[in-house]
Ligand code: F6P
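In this note's numbering, the protein residues as written are 567 to 1123.
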């Protein structure tokens, strides 16, 4: 690791972000455009809606409803150049150890590289290894789907339960929900993540153990929540069959840690591997996607990978002014660092994408929620925003009020598909008209004059005014398919990369999750131990532990 730091320090451009000429120019530029209204920007440029748009690999990005001028975009692009975004992209694709605090390459792009492509890491082409695992997954998925894989009593598998947390859960469950339309409907898929026993209990309560397969998904195979749930699931199986040998027929593992997998009792033959150069939140297209592959079949899974790869190529080769992830990443920086926006909303107008915002929360916030630069100093600017969202139109009847008339600026990403997967009456037209209406209302609002002209009583006029000038992107794709999902996820992966490069942080480590884990390990035995003087936390934590012990004892009787 020391070597990684040394190597990095000698090559890095030491100019601090806020001292860069483009940053300073953006600060000055912000003062001149901060009050410009989208109404005027559109009125002055009738073609703006078509001009400020970009298309890549079948995804259409309309970024015209952002509070930008052509100069803003030019300055943001200049900032990207000054931060050597191009060099950093190349470094990632070349397998350089850009995750410097863990001294690791960042090669999730290799997970979707087509057979025959070459990506060299430590002198070895990693692409054949990727395809060996994919082939093994495909064979296994086929066996489960066609009933050839039997449980301990000889019954075929009808239920698949993925046990994993963070990237070992959010990607698989998001992809399963997103691609449910393409999934094998005769089978049941469940995803258990929380160490709260309720999660596992509710997931298995109506399942027949004879027909149930558990996939224990954990990069490290040491994560407390996952291993606790996996051991409880193992007990559930052993109790049912009164024989430990049943474990081999009802458990498979996805991990980088073969030793721990064997120790758990899973036959290493039934382990699907991946590598330390795949970050947890970037792993849904590795073996971590095994549940997804069983659900949709290997052909559709590969078509999802092709979608990822198409976006990777676009990100690597498209000029920055036409590059979707670069444009979206830079627009995010514009709001985060110049307008002071604290959050960003993602609003998919597709019910199948209901877990997409939760997935993006880990992707964006675990990646860019950092306050130390690659050079080891504290940043003097804001980094990753809070990411949140819900599918439309549900959100419209909940939090959109605040986006329209609240006091906070919340840049939004609207996502829509032109052809529905479930055409029922005119419901899709209603859905999409709501999407378009929301971005229009946010941008242009409604003036006091317009409100008055409707005959509104004077006292009510200010309440019914929409200031507008609320920015948004709209991303349109033809249809939600495995391929378009791959493109969409890769788009956001590279948006995160772009922003991390600008903010000069390591988007691929996650040291911030460690302290809580260590403290929880210390507290667990204290909840059961009643030797009070041993409590050595702060007075608040001590009091909470005592309160918990006391309440629990009273309920237990
Ligand atoms: O605690 C955070 C984290 O390390 C994530 O980055 C990761 O996706 C998750 O835990 C699960 O880790 P694992 O796959 O090793 O169980």
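No residue lacks a Cβ here, since even glycine has one placed at the ideal position from N, Cα and C.
Beta-bridge partners of residue 622 (DSSP): 625. Uninterrupted beta strand (DSSP E) stretches at least 3 residues long and entirely within the segment 772-807 occur at 778-783, given in chain order. Judged by the Cβ position, residue 613 fails to qualify as a neighbour of the ligand F6P at the 8 angstroms threshold, every heavy atom of the ligand being at least this far.
Within the model, the alpha-carbon separation for residue 1091 versus residue 988 is close to 51 angstroms.
Straight-line measurement puts the Cα of residue 796 at about 11 angstroms from the Cα of residue 818.
The alpha-carbon separation between residue 851 and residue 744 amounts to approximately 14 angstroms.
For residue 784, the Cβ falls inside the 8 angstroms cut-off from some heavy atom of the ligand F6P. Residue 1014 is classed as exposed because its beta carbon has fewer than 16 other beta carbons within 10 Å across all chains shown. Here the segment 955-966 makes no contact with the segment 583-599; the two share fewer than three CB pairs at distances below 8 angstroms. A contact is defined here as three or more CB-CB pairs under 8 angstroms, and the segment 777-785 fails this definition with respect to the segment 875-894.
Closer than 8 angstroms to some heavy atom of the ligand F6P: that does not describe the Cβ of residue 991. In the DSSP assignment, residue 610 falls within the alpha helix (DSSP H) that extends over 604-610. A straight line joining the alpha-carbon of residue 784 with that of residue 908 spans about 32 angstroms. For residue 932, the shortest C-beta to heavy atom distance toward the ligand F6P is below 8 angstroms. Annotated as proximal: residue 730 and residue 792, with beta-carbon spacing under 9 angstroms. With a beta-carbon spacing of about 5 angstroms, residue 861 and residue 755 fall inside the 8 angstroms limit used to define contacts. Excluding five sequence positions before and after residue 993, the CB atoms of its chain that fall closer than 8 angstroms to its own CB belong to 986, given in chain order. Within the DSSP secondary-structure output, residue 952 pairs in a beta bridge with 909. For the options 1052, 665, 659, 970, the alpha carbon positioned closest to that of residue 1036 is the one of 970.
Just measuring C-alpha positions, the residue of 1069, 1060, 1067, 656 sitting nearest residue 877 is 1060. In this structure, the ligand F6P has a non-hydrogen atom nearer than 8 angstroms to the beta-carbon of residue 734. Here DSSP, grouped into helix, strand and coil, assigns residue 964 to coil.
In this structure, the beta-carbon distance from residue 1054 to residue 873 falls below 9 angstroms. The Cβ neighbour count for residue 835, taken over all protein chains shown within 10 Å, is under 16; the residue is labelled exposed. At the C-beta level, residue 673 and residue 687 come within 9 angstroms of one another. In this structure, residue 1079 has its beta carbon less than 8 angstroms from a heavy atom of the ligand F6P. The nearest non-hydrogen atom of the ligand F6P is less than 8 angstroms from the C-beta of residue 847.
The beta carbon of residue 816 sits closer than 8 angstroms to those of 717, 718, 775, 778, 779, 780, 803, all from its chain and outside the five residues before and after it, given in chain order. Judged by DSSP in its simplified three-state form, residue 819 adopts strand.
Three or more Cβ pairs drawn from the segment 731-738 and the segment 751-769 lie within less than 8 angstroms of each other, which places the two stretches in contact. The DSSP-derived three-state label of residue 1012 is strand. Remark: the shortest separation between the CB of residue 622 and any heavy atom of the ligand F6P does not fall under 8 angstroms. Taking C-beta separations shorter than 8 angstroms and ignoring five residues to either side along the sequence, the partners of residue 1031 in its chain run 1011, 1012, 1013, 1014, 1017, following chain order.
In this structure, the ligand F6P has no non-hydrogen atom nearer than 8 angstroms to the beta-carbon of residue 1034. Counted as a single uninterrupted DSSP element, the alpha helix (DSSP H) harbouring residue 639 occupies residues 636-648. The beta carbon of residue 1007 lies closer than 7 angstroms to those of 970, 1032 in the same chain, with the five residues before and after it left out.
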